[in-house]
Amino acid sequence: MATPLPDSSQKYDLGFARWVYENVKGGDQLSMCMQCGACSGSCPIGTDMDHGPRKLIMMIRAGMKDTVLRSNTLWNCTSCYRCTVRCPRGIPVTSIVQGLAAKAVSLGYADEVVTSRFARSFWWSVTHFGRTDERLVTAKFYFSFGLAEGIKRGLGNLKIALDLILKGRMHLGLPHKVSDTGGLQAILEKAAEIEARDQLGEDKS
Amino acid sequence: MSDYITRTGVYLCQGCGIGDAVSVDALEQIASTELKVPICRRHDFLCSNEGRALIDADLVGGDVNQPIVAACSPRAMTDRFTFDGATAVRANLREQVAWSQPAGEEDTQMLADDNLRMAIAQATETLPASAEPEGEYSRTLLVLGAGTTGLTAALEAARTGYEVLLVEQQDHVGGWANKWSKTMPHLPPYRDPQANSTDELIAATEAEPAITILTGALVTKTEGGPGKFTVTIELGDESRTEHVGAIVVATGWRPYDAGKLSHLGYGQSTDVVTGVELEEMLGEGPLQRKSDDKPAKTVVFVQCAGSLDPDHLPYCSSVCCGVSIKQALQIIRADPGANVYILFQELRTPGTAEEFYRQAQEAGIVFIKGKVRSVSADLGLVYDDMLLGEEVSLQNPDLVVLATGMVPNSTNPHIDPAETGADQLVSDVNPNAPLPLAIRVIDNNDDKSKSEPGENTEAVNGGAAAEPVLPGGALLNLQYVQGPHIPILTDGFSDSHYLCFPYETRRTGIYTCGPVRRPMNMAEAAEDAAGAALKAIQAIEGAARGAAMHPRVGDLSFPKFGLDICTKCRRCTIECPFGAIEEDERQFPILIESRCRRCGTCMGACPVRTISFDNYSPHMVSEMIAAIEVPDEFSEKPRILIFACENDAYPALDMAGLNRYQYSAFVRIIPVRCLGSINLLWISTALEKGFDGIMLMGCKSGDDYQCHYIKGSGLAKERLSKVGETLKSLMLEEERVTLEEVSIADSGRIPEVINGFVETIEAIGFNPFKGF
Amino acid sequence: MSLSKRRGRLNQGPASQTILVVGGGIAGITAAVEAAETGYAVILLEKSPALGGRVASLNRYFPKLCHPSCGLEINYQRIRNNPSIKVITMARVESLNGQVGDYQVSVKTRPRFVNEKCTACGDCAKASKVKVSNPFNHGMDSVSAAYLPHEHAYPQRYVIAPEVIGSPDAEKIRDACGYGAVDLEETETVFDLKVGAVIWATGWKPYDATRITPYSYDASPDIINNLEMERLAAHDGPTGGKILRPSNGKPAKRVALIQCAGSRDTNHLPYCSRICCLASMKHAVYVREQYPDAAIDIYYIDIRAHDKLEAFYQRVSADPQINFVKSKPGHIELEDDGTPVICGEDTLSREIYARPYDLVVLALGMEPTALSDTTSVQMGNRDDYGFIVPLPGDEPGMSAAGVSGGPLDVSMSVQSATAAALRAIQAIRTVSPGASTG
Amino acid sequence: MNSKDARKKYVYYPGCSSQGSSKHLDESLRAIIPELGLEMEELDDWNCCGASVGNIGGGPLPTTALTGRNLAKAETQHATDVITGCAACYLNTHGANERIKADVALQNKVNESLAVADLSYEASLQVRHACEVIVNEVGIDKIKERVTQPLDGLKVAGYVGCQTVRPFANTESGGNYDTFDDPEFLDQFAEACGAEAVDFNVKTSCCGGSISVISPEKTLHLIKEILQAAEDAGADVISTPCPLCQTNVEMYQAEINKKFGTDFNLPVVFYSQLMAKAFGLDGRKDAGLHRNTVRSEKLDILVQNA
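Protein chains in written order, with our numbering: chain L, 183 to 387; chain A, 312 to 1083; chain D, 22 to 459; chain Z, 12 to 317.
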């Protein structure tokens, strides 16, 4: 039986830790953390992080759900995997951080976060074409900030775009797509459905 | 021995640069012409088979029974210069002459000449050491305490072929371990709590025919020495005497008095328990709390409860982290739904116990680095979370477990404090021991003095407070001048002072092991018990041969007392670091030979020089000093006498030579067993003889002393402080006699130490007594 | 044990009561003398040219800061005075067969090229013009190709580096010896021993620092390991005891000591090596004694100062110039001039730091030597890490002394060695009852 | 994996960037792989791997299902090994594949999803990075043998980046082909091609990955350090195996120069482009060297065919 997501919690109420254990990829490893700091110390943009992975794990144990799911640490991960390979306890730190990010999105903690906007644009491309069309994803991402901001950002990178077009490295015209888009979409819908089914406990909460 | 005639023979080596550095002809002159040594031979390579054959021939022929090898240091080529039935006296012409002095110079030659003269004098005054052990020697071990450590020690000794008398104060054996539901893992894969094997250990011990177990028994008196201990044991109202050869003390530990931890909630709620109390609550089923038998769903372990705390126990009890992990694992395995927290300051699971820590984390036990501030009666727990950097309150867990530390049973808390000789408190009982020391209760009938320690006791800092006594009586009640206790050292444990020699003891033939000597877990205690058993066995065998224990292992010489001129000053009895000297009814010193470690501290202490060994004596060294030629002041050649500890300073001098470091040729070096054996007679002899300066080179003294005989270098320092006065009265400068701490690693410092002193002396000027 | 007694009594073969001790470090030496002083014949094998093992190369011991050579000197005296100990250096166990009371051991010795006639006079060293890397100082300096392992070497006998054999320098060395002690023809020899019990005291070696790639050990001379630090501080070390930066010979005043370099790390050594925390505090003291203005940072996960060692920790942490940082550094970067910069997170302050140092010392963990050496040889049960841990009911003829059985400090190694000596004695007693010492 | 059977057929998974910003990686790989004696066949109707934000945008299981679909298709092509040149594709596809292999429950969920398109994955495949295959199956010596136009005098800074080696390079499933922090294969590739691998101490530093795409302001300093180190080492070009690294380090040079007042102009190429040239193949058609936006004399010479 899955642990429900505790709404707000007393310090060191393990409900949240259990929830992460069961619902976040690699979360079942966080009990192994001995708080050595090798992960946070290895992070290329650790200085941009409010808490860093080590303290994030500490706060998960401490049941600090909101602080964790609102932490900018989730959005500053460059996926360099240094923390993961250096962890003396073999904890998949990167996947825990990214897993938490995914949860933060699905639980509505991150609607305004840029990464989450980008992720949505990206997923739109994947579900429509089965592939990523860099041009469309970027455009959609930019315009997710609204028309004006979108144009501004677009112009900001105009030179880069032109370079790519010039070198034939930006695909123009109809996006590349998988032939069987229907089948792919069906697969993704089914997968999403299964995921939701497995996390009923979460929805109940 | 009296009719023994010493027949000396000198054997000069010309190798290793000796022949180039000095005139061996001249040396031969000194031996045969000047000092009339009947036999004197030389060889280019004395340690070769041919060289050795020279010596053997004379020994076999009987012309020589005391060879004098004038070659390398006594520390070198020992295998080549060891002979059956004769011990060579060595004149060090290599390390301390040829290798540390310029070749072919007059001063170098004079140094070599004197080294040879001293060796000849030493040989003339040397009798072969021989022990004459008398009477019955017991081969039985007494093991005091029948917990894991004592049972193991008894079993190990029995399995090595020795009879064992196992004495336990309680009415049953097994000690604390009887209570343990499970034990920490010490076998691979080191992950899970292990079944408690104490029952098997007890069964094996009881099945061992060589072991006699006495429960409900108390040792009330211990006399004698290794091979000849006489122990009085009280069994209820019956009292019996036993003869044993050696003693293993395995009295273990007791938990720190949680009554003093009320700030952690102890005594305020029955649901605040100590780790020891928890053991009895742990079973197969889920854990229930004491107050209402409800299941304990949330359990908090508080590590270092009263440990690492100057107000309680300053030290770390080593085992608590592992024990709490074991208990936490048992709780969570019995009830996977339980929330178990361990609040620690430093998590200490050394070695392979790290596996156990990981196992606990895998099981979901939550480790929090935090220092607990308080636990309230309703179990509200407040602590400083060192990693969150904030104060956190854990609302009302169901059970709080205090991991209290180990207090050593280096005294017996169940009996009255014994009269502790002031001498012992100073020397062999650390007044800072946080046992804690108690203030002696004036009225001895006051039953307070019988009550558990901790209640009427308080820590005494620096022992400065009035009449400190230990909480409880002496374990063996030793009938030694040095007092009834086995030495109680750092943190109140009866550990060895030495890192390299953990079984070194100040009470020969008595060895402590297990938690009474250092906080340790059951596996470590069992290992320790085996080691102590072997040392006890060695003491038994050594005593029967009349041979010394560590560090002069096998030495057959022992001090002899000329009682005819003894003034009963008691210095030898009091200053013996090992309590080897007793007093007879007339207060004359009597040596308990098998306790003696042959350091000569008594010899150094004796104001009338009536204590001497057959091969080491005040007279012998005086003769060596007398043999040295001291030139008059017009020669511009000062003479410095150096007494060097043979264990550390002398090797350092040798190594200086090995490195070819050069130093003044004006020094004459005499190796001594220990600075403690230096008799002030030698200093006055030397000064009268016209020596300009005297240096004692030996080990560090003080709290971190390096002396292999505990007090030797310290006593030397103390005795020297009194010499100052004497010097003044003789109108001599105090600086002429000094003590320099030189460690074995000081080869590099040797030149500056020696030359520096020579300069000082040259600055002061020559000894006015020269030539008188 | 009772089972082993039965096995012993059944043993009809010609029994040997000799005890073989493999490894001449502090544990092996102790096991050998303790057994010999109880009256048993002992053969002590050491693979290097001199006894003393790891501790002989340590500057000082914690917590007393005394010199290991002090205790070794006493032990060497015990060996010198005890005819029943036979010491064989430069020897390894090649194979071992049989059972308690009756082991056939094949031993291989490397050539020393110097025989028992050597007087340690040193003429050979003077004659040799070739310098070889000095193993005693971990290659931080060099010695003459004919050398005495170190000033306190026992046995006190020279060695000739195999590199020069066959070169003209070797001839020079031979001709310089006035005692016919140099034997250039000496070769590897293999011989058999028959012993009743074996004590493995094979000790440890430091974990290979180059395998901890984020710490850039081989990228900078100023990143050294804990054993090199001991030599750097030793009076007979490469710098005569001055703690200097290997890169430029300048005083190393800003020093970092990194704990758990390899230990407590499932990527490397999963266990805790026990001694590193205290050894590093000792290193901090070395530096402070030499430079009053030194600043030392000790990076750690947990400080493992058990029992009375806590007092040493308290003493060292009271020094305002020795700073304890609860942090496992992520990696070490090098500035353009090669200065090591340690990067990580201070877990108590949350500070992300990047701090430059004159000298960085990696507290490398202990790896059992038995893991790589003589692996083919039957040594009794070993755990996953290669430590020798006999299980209940195992063949009683084999025991482990010191770190070959797990990470221990010096005192514990000596205790373990004393216990191992007793176990060996019990084992051989059982093969010929009546030969008891009792 | 250890079998040196060079005739083994590899199913090639190009990944989305092969049709956009990293066309030149795709072109050069297709050119050199047969030269190295490996047989390669494109994965039929492949889809996106989920990239670095798939989890966030679509959730973990749908993202894993993407890989499920690719691998299910690959199985129908009767191969044992899938090969890809893209770091992100490798990370996601290899990672998902290993998780599926290790976790039957997960495999069932993936197959339950695939079933709606009549697909299923039997977890029979190895997913491998092109560099790992070149190191373990081909070997450096084989590269040397193929070189006909050694890149004499070209100074190359081997910039490995992150995901090509982390977290799999030093694992059993990843073929243990190099270390996480100090990999050597890229320098060996360059040396094998006759170029000079300069001493480059940031070879596994991070370029900011997708953060550089989303919020470059946070990561430009990381890219600057990489460029600086390469310039200090006197490199003519930076060589990398990773599409995102190539784009980030190349594209942002102008902006970095603006922001930090530097004047970097360092071509960033794929190791495979250099190999193609060294193998004497066409500088444009095979090596795609005309597609690099940051140009230099050395690079332009390289594009020319001898």
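Ideal placement from N, C-alpha and C gives every residue a C-beta, glycine not left out.
Taken atom to atom, the span from the alpha-carbon of L:T249 to that of L:P235 is near 13 Å.
Within the DSSP bridge table, the entry for A:E534 names A:T541 as partners. Any Cβ of chain A closer than 8 Å to the Cβ of D:E67 would place that residue at the interface, and such an atom is absent.
DSSP, reduced to helix, strand and coil, places Z:F200 within a helical segment of the structure shown. In the three-state scheme derived from DSSP, where H, G and I count as helix and E and B as strand, L:H310 is classed as helix. The C-beta of L:S222 comes closer than 8 Å to at least one C-beta of chain D. Assigned with DSSP and collapsed to three states, A:W410 falls in coil, not helix or strand. Close partners of L:N258 in chain Z (Cβ separation under 8 Å): I222 and K229. Residues of the segment 191-214 of chain L that bring their beta carbon within less than 7 Å of a beta carbon in chain Z comprise K207, in sequence order. Under the three-state reduction of DSSP output, A:E1045 falls in the helix class.
Interface annotation for the segment 143-175 of chain Z against chain L: C173 and Q174, criterion Cβ-Cβ distance under 8 Å. Neighbourhood of Z:F179 in chain D, by CB distance below 8 Å: empty, with the nearest CB roughly 14 Å away. Interface annotation, D:I106: not in contact with chain L, CB-CB separation never under 8 Å.
A buried status is given to A:Q433, since no fewer than 16 other beta-carbon atoms sit within 10 Å of its beta-carbon. For Z:P45, not one C-beta of chain L is nearer than 8 Å to its own C-beta. For L:G332, the secondary structure class from DSSP, reduced to helix, strand or coil, is helix. For L:D380, there is no enclosing beta strand (DSSP E); the residue is part of the alpha helix (DSSP H) that begins and ends at T363 to D380.
In its chain, beyond the 5 residues on either side, K271, P272 and A273 have a beta carbon closer than 7 Å to the beta carbon of D:L265. Shown in chain order are the members of the segment 616-636 of chain A whose Cβ falls below 8 Å from a Cβ of chain D: L619, P625, Y626, C627, S628 and S629. In the three-state reduction of the DSSP assignment, A:L422 falls in the helix class. L:G281 and Z:A62 have their C-alpha atoms some 14 Å from each other.
Closest option to Z:C218, judged by alpha-carbon separation, among Z:T190, Z:A208 and Z:P254: Z:P254. For A:A616, the enclosing beta strand (DSSP E) has its first and last residue at T609 to A616.
Contact between A:D802 and A:Y626 holds: CB atoms are separated by about 5 Å, below the 8 Å threshold. When the beta-carbon positions are compared, D:I106 and D:V54 come within less than 8 Å of each other. In this structure, A:L698 keeps its C-beta atom at 8 Å or more from the C-beta atom of L:M246. Residues of the segment 227-243 of chain D with a Cβ closer than 8 Å to any Cβ of chain A: none. By the C-beta criterion, the segment 514-527 of chain A is judged not to be in contact with the segment 832-844 of chain A, since fewer than 3 inter-stretch pairs fall below 8 Å.
For D:G199 and A:V408, the gap between their C-alpha atoms comes out near 20 Å.
Pairwise C-beta distances place the segment 648-667 of chain A out of contact with the segment 201-212 of chain L, as fewer than three of them are shorter than 8 Å. Straight-line spacing of the CA atoms in A:I851 and A:Y448 works out to 8 Å. Cα atoms of L:A301 and Z:G68: separation of roughly 4 Å, rounded to the nearest angstrom.
With a cut-off of 8 Å on Cβ pairs, the segment 429-444 of chain A is in contact with the segment 918-930 of chain A, counting three or more such pairs. Considering only Z:V280, Z:E46 and Z:D56, the residue with the shortest C-alpha distance to Z:V22 is Z:D56. For secondary structure counted as the beta strand (DSSP E) over 3 or more consecutive residues, the segment 135-209 of chain D holds these complete runs in sequence order: 152-154 and 163-165.
A:K490 is not a Cβ neighbour of A:Q505, given a cutoff of 8 Å.
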